[in-house]
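These notes are about the structure you will find just below.
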Amino acid sequence: MDIICNDFSKIPTQKIVFSPQHVFSKISVAMLRLDLLHPVISGNKWFKLRYNLAFAQSHQFKTVLSFGGAYSNHLIATACAASAAGLRSVGIVRGVYAAQNKTETLQHCEALGMQLHFVSREEYAQKEDEKWLQQLREKYPDTYIIPEGGNNELGRKGIAEIATLISPDYTHVAVSVGSGATFAGLRNALPESIKLIGFAPMKQGSYLAQNIATIKQNKELKDEFHFGGFGKWNKKLLDFMNEFYAQQHIPLDVVYTAKMMYGVQTLIAQNYFPEGAKLLCIHTGGLQGNVSVKSLLNF
Ligand SMILES: *Cc1c(COP(=O)(O)O)cnc(C)c1O
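Residues 26 to 324 in the working numbering are what the sequence shown lists, from first letter to last.
Structure representation (structure tokens):
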């Protein structure tokens, strides 16, 4: 299966220079541009999917099924990667209302051949319940189920490969957190000398602390940069995205990486990082999620 660039050595690391420089000159900041992998299967999503899809293919499954909301980067990446791998795909979508007024993300999923199955929030909450999964397997025969966010062992195995792109010279790595698969996979694969900082883009992101409690130390979860909740934004965030693009020529996505970089900039200004720190921020992609704010962005 050769869907997209698997030569990860080509992924650039780009230096970031915040201004005013005298405030930020004590530390160095760079960004790992996983967003450049592919326009749809971008960032961390490809790493989480690739071993799952390879498993489905080698075990003669015909279909992959996964879960997500109406704006899910994971669903659209699954639809695109499955189609390229010659597999059918089914997306279980949270919220029956989403069927009436399909988001661009969901329309794109369908255009990529994904069959959408809308369920109530209550039903969706059973996404890890083996009884419901069994019913789904009966409804969709020969189907390999990938958990929400690609958060399983094969997903984390793929994420561990991101760590091989990160020099041990870095003192800190920043990453955005959704299901926590990327955070956990990275924490386990990075040297313990590197502090991993996760940025939760939703309110009450601290629930994630449970998911990641058992993994290696030298990690911290920041949950104050949520801008009102998951998928929520305001003018301040969009202004930051436009300014960041003007200065760094890097597009950020409004759901995850913009909030992370806003948080990073804030922490730097608050002297969170010790002098001499070398920080690598991971661009986890997700730029398709900007369609809803396209007209307000300068890129
Ligand atoms: C999905 C996603 C994340 C979250 O990844 P998890 O492994 O679910 O924590 C972060 N950033 C972007 C851009 C994403 O699309």
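We treat Cβ as the ideally placed atom computed from N, Cα and C, and that holds for glycine.
For residue i, three-class secondary structure by DSSP
i	result
alanine 136	helix
threonine 309	coil
glutamate 148	helix
methionine 26	Caution is warranted here: a pLDDT of 41 is assigned to methionine 26, below 50, making its placement in the model unreliable, and the coordinate value is therefore given only provisionally. Here methionine 26 sits in coil by DSSP.
glutamine 290	helix
phenylalanine 295	Note on identity: in this sequence residue 295 is glutamine, with phenylalanine being the wrong assignment. Three-state result, glutamine 295: coil.
methionine 56	strand
histidine 251	coil
histidine 84	coil
serine 50	coil
isoleucine 171	coil
lysine 156	helix
valine 316	helix
isoleucine 99	Note on identity: in this sequence residue 99 is histidine, with isoleucine being the wrong assignment. Helix at histidine 99.
serine 34	helix
valine 244	Correcting the residue identity first, residue 244 is lysine in this sequence and not valine. Lysine 244 falls in the strand class under three-state DSSP.
serine 91	strand
leucine 408	Residue 408 is absent from the structure shown; the chain starts at 26 and stops at 324.
lysine 127	coil
phenylalanine 324	coil
lysine 73	helix
lysine 284	helix
lysine 303	strand
aspartate 194	coil
Start-to-end residues for the beta strand (DSSP E) that takes in residue i
i	result
valine 198	197 to 201
isoleucine 222	220 to 224
lysine 40	38 to 41
isoleucine 117	113 to 119
Beta-carbon proximity check, residue i vs residue j, cutoff 8 Å
i	j	result
aspartate 60	histidine 308	yes
leucine 221	alanine 55	no
asparagine 323	asparagine 267	yes
isoleucine 101	glutamine 313	yes
asparagine 126	glycine 310	no
asparagine 243	valine 279	no
lysine 87	leucine 112	yes
asparagine 77	leucine 179	yes
leucine 263	phenylalanine 252	no
lysine 303	tyrosine 195	yes
glycine 175	histidine 99	yes
isoleucine 191	leucine 215	yes
glutamine 272	serine 44	yes
threonine 281	phenylalanine 250	Before going further, note that residue 281 is tyrosine rather than threonine in the sequence given. Against a cut-off of 8 Å, the Cβ pair of phenylalanine 250 and tyrosine 281 comes out as no contact.
isoleucine 117	glycine 301	no
lysine 257	alanine 225	no
Proximity test, residue i beta-carbon vs ligand 3 heavy atom, cut-off 7 Å
i	result
valine 202	For ligand 3, the structure offers nothing, since it holds only ligand 1.
First and last residue of the uninterrupted alpha helix (DSSP H) at residue i
i	result
glutamine 273	260 to 273
glycine 183	178 to 188
leucine 277	Run containing leucine 277: none; DSSP gives neither H nor E here.
glycine 210	206 to 214
Check whether the segment 176 to 189 touches the segment 157 to 164, taking contact to mean three or more Cβ pairs, one atom from each stretch, closer than 8 Å. At 8 Å Cβ cutoff, the stretches do not touch.
Would you call the segment 135 to 146 in contact with the segment 99 to 108, where contact means no fewer than 3 C-beta pairs closer than 8 Å? Inter-segment contact for the segment 135 to 146 and the segment 99 to 108 is present: three or more beta-carbon pairs are separated by less than 8 Å.
Assess contact between the segment 190 to 204 and the segment 121 to 135, defined as three or more Cβ pairs (one per stretch) separated by less than 8 Å. Is contact present? Taking 8 Å as the limit for Cβ pairs, the verdict is that the segment 121 to 135 does not touch the segment 190 to 204.
Inter-stretch contact (C-beta, 8 Å, three-pair minimum) for the segment 170 to 179 and the segment 82 to 99: The segment 170 to 179 is in contact with the segment 82 to 99.
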